[in-house]
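**Q**
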Amino acid sequence: LIDLPAPSNISAWWNFGSLLLLCLAAQILTGLFLAMHYTSDVSTAFSSVAHICRDVNYGWIIRNLHANGASFFFICIYLHIGRGLYYGSYTYKETWNIGVVLFLLVMMTAFVGYVLPWGQMSFWGATVITNLLSAVPYIGDSLVQWIWGGFSVDNATLT
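In terms of my numbering, the sequence shown has 150 at position 150, counting the first letter as 1, and numbering is strictly consecutive.
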């Protein structure tokens with residue numbers, strides 16, 4: 001093997017950034033396959049997910065890979081953040097702040113993915129979580145209506 005210089009504190013904890021990229025690639029790939037058969041209408045969204053699981057060849061495994069991949073993605077994120085906290089990576093302010101912004105964007109994207117199947121948990125999750133923004137002074141109610149696309153969680157919210 002080739003003997004290359006490496007930091008003395010390198011360990012398995014440094015793999016989680018690469019694992020995040022691998023998880024993201026798997027999420028995008030499975031998400032594209034799921035999107036081929038998904039319909040984003042409140043009357044057909046839930047049945048399109050059932051159609052994917054029951055009628056599409058290997059649709060059930062693609063959906064489960066996508067759902068469990070999201071959980072694995074967040075496990076890797078939390079371990080990546082934990083490694084950064086342990087090794088003091090937060091001292092690099094710009095890099096750390098970009099990571100925080102990316103984390104918030106991933107949280108929002110995961111919330112949208114949670115709402116898409118449009119089951120009861122999805123509907124009420126969208127209703128309750130978005131209503132939390134109504135506590136923001138002055139603009140809270142307008143912000144909630146903007147996210148909903150109207151005055152209630154409905155078709156505009158899903159699309």
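We put the CB at the ideal spot given by N, CA and C, even for glycine. All values derive from a computational prediction rather than experimental measurement.
Leaving out five residues before and five after Ile147 in sequence, what residues of the same chain have Cβ atoms less than 6 Å from its Cβ?
**A** So the list reads Thr130, once near-sequence residues are dropped.
**Q** Rounded to the nearest angstrom, what separates Phe72 and Asp3 at their Cα positions?
**A** 33 Å
**Q** Expressed to the nearest angstrom, what Euclidean distance is found between the alpha-carbon atoms of Ile28 and Ser18?
**A** 16 Å
**Q** Which runs of the alpha helix (DSSP H) spanning at least 4 residues fall entirely within the segment 39-78, listed in chain order?
**A** 45-54
**Q** If you compare alpha carbons, which of Leu158, Gly84, Asp141, Ile98 is closest to Gly119?
**A** Leu158
**Q** Assign Ala135 to one of two classes, buried (16 or more other C-beta atoms within 10 Å of its C-beta) or exposed (fewer than that).
**A** exposed
**Q** Applying the criterion that 16 or more other CB atoms from any shown protein chain within 10 Å of the CB defines a buried residue, is Gly82 buried or exposed?
**A** exposed
**Q** How many Å lie between Ala126 and Thr44 at the Cα?
**A** 17 Å
**Q** Can you give me the C-alpha to C-alpha distance between Ser14 and Pro5, rounded to a whole angstrom?
**A** Looking at the sequence provided, one finds Trp at residue 14 rather than Ser. When rounded, the distance between both Cα atoms is 16 Å.
**Q** Measuring alpha carbon to alpha carbon, tell me which residue in Leu116, Leu132, Trp124, Tyr138 is nearest Asp41.
**A** Leu116
**Q** Could you have a look at Val153 and say whether DSSP puts it in helix, strand or coil?
**A** coil
**Q** Is the Cβ-Cβ distance between Tyr58 and Ser48 less than 8 Å?
**A** The answer is no: Cβ separation not under 8 Å.
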